[in-house]
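Chains A and B, in that order, give the protein sequences.
Mapping of the first sequence onto this note's numbering: residues 1 to 142, in sequence order.
Mapping of the second sequence onto this note's numbering: residues 143 to 284, in sequence order.
The C-beta atom is built at its ideal place from N, Cα and C for all residues, glycine as well.
Working notes for the structure below.
There are 2 protein chains.
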Amino acid sequence: MLKDIIAKLREKGCKITPQRRVIIQSLLNFNKFPTALELCNDIRQTNPEIGLDTIYRNLNLLAGLGIVNQINLPGKDVKVFELTLQGHHHHLVCLNCGEANCLDYCPVNEKELQKAAGSEFQIVGHALELYGYCRKCRAAAQ
Amino acid sequence: MLKDIIAKLREKGCKITPQRRVIIQSLLNFNKFPTALELCNDIRQTNPEIGLDTIYRNLNLLAGLGIVNQINLPGKDVKVFELTLQGHHHHLVCLNCGEANCLDYCPVNEKELQKAAGSEFQIVGHALELYGYCRKCRAAAQ
DNA sequence: CTATATGCAAATGCTTTGCAAATCC
DNA sequence: GGATTTGCAAAGCATTTGCATATAG
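Here you go:
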């Protein structure tokens with residue numbers, strides 16, 4: 001995984017710095033979609049001198065190459081980042097804690113939608129977010 | 143329309159100020175989803191002394207009452223606001239200019255999705271955004 | 001050796017907040 | 001008249017940028 005991403009970066013003429021390695025490794029390790037700051041805090045446990053701006057610069061670089069996705073959660077004004085290793089999928093977003101999980105199921109038929117949208121607008125993709133409550137938050141609210 | 147919203151505000155114990163009236167009226171007039179700043183500029187043509195902070199405060203108030211929706215467009219980091227007069231619908235978002243239009247069609251079956259999501263997560267709603275290119279932007283790119 | 005990347009600090013841009021004066025009811 | 005709302009100015013916060021130094025290849 002790390003190798004593949006490094007290879008892609010090299011292919012694009014980017015230099016492979018230790019910071020890049022740890023950023024990608026940390027993204028791979030996270031079991032949720034982190035914000036830039038969460039990523040930074042995680043990385044600083046082993047690399048205390050990394051700059052938050054370096055994280056941002058590299059997340060933007062990776063986003064430009066299509067290696068990470070930026071998702072904005074409703075209400076929150078921070079972006080969270082996910083690696084785009086998996087194929088097309090959607091997100092279950094908890095309205096209480098804001099955490100997002102993947103749902104590997106897509107009920108959307110773009111051909112059918114294109115018909116509904118008419119010829120004025122050309123559909124090239126879509127995002128479906130499911131809102132609700134995760135087990136933890138339901139238990140807390142009980 | 144204006145009347146209905148004013149009535150709802152009154153019902154909640156909110157005072158009806160001239161600023162509130164013009165904010166709602168301006169939202170009603172817009173033929174796209176404005177940002178807080180666009181709304182402010184529009185209103186200042188007739189009410190030059192209104193403060194941008196008043197706009198924000200009232201948009202947040204209206205959002206809390208469910209009278210407006212906040213939508214974040216992908217890539218952009220500003221929020222746009224829409225009145226929730228219409229029923230459930232989705233958005234056609236142009237990846238070039240960022241404008242959003244409504245699509246009064248919903249292919250999403252929440253029962254079916256709930257089955258796919260399993261019992262851990264309780265779905266209460268969803269948002270579907272269709273990405274693509276509007277006529278204008280397709281013509282410009284040609 | 002040279003272009004690219006990093007860290008620092010400062011800047012940016014959107015949004016929120018504290019406060020005194022104004023105003024709705 | 002009393003609570004709410006406004007406008008102003010300042011603060012907040014996530015993110016970006018300029019620049020000198022360090023570093024990958």
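Under the Cβ criterion of 8 Å, A/Val108 is counted among the residues facing chain B. With three or more CB-CB distances shorter than 8 Å, the stretch 247-258 of chain B counts as touching the stretch 225-238 of chain B. The C-beta of B/Leu203 comes no closer than 8 Å to any C-beta of chain A. Between A/Ile23 and A/Leu39 the beta-carbon gap is near 7 Å, inside 8 Å, which marks them as a contact. A contact is defined here as three or more CB-CB pairs under 8 Å, and the stretch 151-165 of chain B meets this definition with respect to the stretch 183-198 of chain B. Chain-ordered, the chain A residues with CB closer than 9 Å to the CB of B/Cys276 read Glu120, Phe121, Gln122. The three-state reading of DSSP puts A/Lys79 in strand, counting E and B together. At a cut-off of 8 Å between beta-carbon atoms, B/Arg199 makes no contact with chain A.
In the DSSP assignment, B/Glu271 falls within the unbroken beta strand (DSSP E) covering 264-275. Shown here, B/Ile213 sits in a strand according to DSSP, grouped into three states. By the criterion of at least three beta-carbon pairs nearer than 8 Å, the stretch 116-132 of chain A is in contact with the stretch 253-270 of chain B. Bounds of the beta strand (DSSP E) holding A/Val93 are 90-94. Collapsing the DSSP output to three states places A/Leu103 in a strand. Here B/Glu224 is buried, its C-beta having at least 16 other C-beta atoms within 10 Å. Counted as a single uninterrupted DSSP element, the alpha helix (DSSP H) harbouring A/Ser26 occupies residues 18-29. For A/Ala116, a Cβ of chain B is located within less than 8 Å of the residue's own Cβ. Close CB contacts of A/Arg44 within its chain, under the 7 Å cut and outside five residues either way in sequence, are with Ile50 (chain order). Judged by DSSP secondary structure, A/Asn60 falls within the alpha helix (DSSP H) whose first and last residues are 52-64.
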